[in-house]
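Going by my numbering, the sequence shown opens with residue 11, and the numbers climb by one from there. No residue lacks a Cβ here, since even glycine has one placed at the ideal position from N, Cα and C. These figures come from a predicted structure and were not determined experimentally.
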Amino acid sequence: MRVSLSPEFGLPKDLLIHKEQSGQKFSEQLNVAEKTHLKYQMDLEFNAINEIGQRLCKKMLLKDLKEYRQRIAEFLKICISQGFSFKENYFQTRYGRSKVLSMIKIVNQKLIDLAQELLLENRDSLKVMALVDEISGLLLDIYA
């Protein structure tokens with residue numbers, strides 16, 4: 011009994027490997043897939059951080075601050091754990107890694123400033139929004 015399956019057996023066209031693409035090594039394909047997954051994961055995390063930051067600006071609740079800090083910590087862990095690939099791709103300078111670490115220190119300081127502002131009795135909503143926006147910009151600099 012002979013079974014013949016069509017090469018387009020329900021798979022998306024971008025996943026199909028054609029003969030002209032088969033020259034790529036498996037390690038190259040795996041590297042591309044890992045980078046694509048990492049970018050997707052970072053995009054999701056960054057969007058979640060921005061959403062929580064907007065909620066924090068509106069409500070100014072400490073539970074939102076806690077969740078905001080936890081998400082940023084997770085985002086920075088991903089950045090640090092993938093630091094070598096980020097250094098290769100985005101930081102072509104000799105001091106790329108120290109630049110990332112110094113930006114992480116700045117993000118931590120801004121988070122401390124944000125927490126202190128939220129703990130004040132007379133909260134300044136414009137200052138909170140400015141700090142959230144500044145933190146978001148720093149995270150974007152680390153990511154991109």
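Give the DSSP-derived three-state secondary structure of A154 in the structure shown.
If you number the sequence shown from 1, residue 154 lands on position 144. Reduced to three states, the DSSP call for A154 is coil.
Are Q92 and L54 close, meaning C-beta to C-beta below 7 Å?
Reading the sequence shown from its first residue, position 82 is the one you call residue 92. Reading the sequence shown from its first residue, position 44 is the one you call residue 54. Taking 7 Å as the Cβ cut-off, Q92 and L54 do not qualify as a contacting pair.
So which of Q119, M139, S135 and F85 has the shortest CA-CA distance to L150?
Taking the sequence shown and counting its residues from 1, one reaches residue 150 at position 140. When only C-alpha atoms are compared, the closest one is F85.
For R133, count the other beta carbons within 10 Å of its own beta carbon; 16 or more makes it buried, fewer makes it exposed. Which is it?
Counting from 1 along the sequence shown, the entry for residue 133 is found at position 123. Flag for R133 reads exposed.
According to DSSP, simplified to helix, strand and coil, what is N132?
Locating residue 132 in the sequence shown gives position 122, where the first residue counts as 1. For N132, the three-state secondary structure derived from DSSP is coil.
Among residues of its own chain, excluding the 5 on either side of N60, which ones have a beta-carbon nearer than 7 Å to its beta-carbon?
Locating residue 60 in the sequence shown gives position 50, counting from the first residue. Contacts found: S146.
Report yes if the CB atom of V142 is closer than 7 Å to the CB atom of E127, and no otherwise.
Here residue 142 refers to the residue found at position 132 when the sequence shown is read from its first residue. Here residue 127 refers to the residue found at position 117 when the sequence shown is read from its first residue. For V142 and E127, no; Cβs fall outside 7 Å.
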